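Student: Before anything else, here's the structure in question.
Okay, structure coming up:
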């Protein structure tokens, strides 16, 4: 099979697969490193490499779930608070084998939209690598990620664009 045929197949098979469909089988460290490394090959103007990823596994992932649930409870007016949404936040994070925060670093060297586009292309590379490795994944950008500045140690010139969930299917 030609490289072009294989690439076309991977692109056409790429889907968002949600944590409810993940199994309990762990993603190997080797495959995880391959997925995250694929992001670094995304095109980026002036080689700013604006993407910043933090990998959450195990206890750190459980802490992220608890923190996001607490943020949701704090920032949501009582009349709009939904117990189901609160529980879903914890479920999705805990059901995923790995959660990766997606942060863009604005260098000031190029327009901000270019840095966001480069970070998005890096995430697309992770999507395609997940597909090639039969790993389910999806990118979520809930508003409450704006409140994660402290746990993600986000600097003034950075913005969290969401979370990338991964799990075996």
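Numbering (the UniProt record's numbering), first residue to last: 1 to 169.
Note that CB positions come from ideal geometry on N, CA and C, so glycine has one too.
In this text the structure is predicted, and so the values were computed from the model without any measurement.
Judging by CA-CA distance, which residue of 53, 115 and 152 is the nearest neighbour of residue 47?
Tutor: Selected option, being the one with the closest Cα: 115.
Student: If residue 166 and residue 98 are in contact, beta carbons under 8 Å, what's the gap, nearest whole angstrom?
Tutor: Confirmed, Cβ separation roughly 5 Å.
Student: Return the first residue and the last residue of the beta strand (DSSP E) that residue 178 is part of.
Tutor: No answer is possible for residue 178: the residues shown for the chain start at 1 and end at 169.
Student: Verify whether the separation of the beta carbon atoms of residue 20 and residue 104 is less than 7 Å.
Tutor: No, these two residues do not count as a Cβ contact at 7 Å.
Student: Could you work out which residue in 112, 120 and 85 is closest to residue 102 when comparing CA atoms only?
Tutor: Closest option to residue 102, Cα to Cα, is 120.
Student: According to DSSP, what are the bridge partners of residue 162?
Tutor: Answer by DSSP bridge pairing, in chain order: 102.
Student: In whole angstroms, what separates the C-alpha of residue 49 from that of residue 4?
Tutor: Roughly 26 Å separates the two Cα atoms.
Student: Between which two residues does the alpha helix (DSSP H) containing residue 53 stretch?
Tutor: Segment 51-56 is the beta strand (DSSP E) holding residue 53; no alpha helix (DSSP H) there.
Student: Using the Cα positions of residue 68 and residue 60, report the straight-line distance between them to the nearest angstrom.
Tutor: Each residue's Cα considered, the two are about 12 Å apart.
Student: By DSSP's criteria, residue 136 is part of a beta bridge. Which residues make up the other side?
Tutor: Residue 136 is bridged to 167.
Student: Mind reading off the beta-carbon distance from residue 33 to residue 131? Whole number of angstroms is fine, and I expect it under 8 Å.
Tutor: Wrong, their Cβ atoms sit about 17 Å apart, outside the cutoff.
Student: Please report the Cβ distance between residue 170 and residue 6, rounded to the nearest whole angstrom; I am assuming they are in contact, meaning their Cβ atoms lie under 8 Å.
Tutor: Beyond the ends of the chain as shown, which are 1 and 169, falls residue 170; an answer cannot be given.
Student: Alpha carbon to alpha carbon, how far is residue 111 from residue 84?
Tutor: Spanning the two alpha carbons is a distance of roughly 39 Å.
Student: What residue range does the alpha helix (DSSP H) around residue 39 cover?
Tutor: Residue 39 -> alpha helix (DSSP H) spans 29-39.
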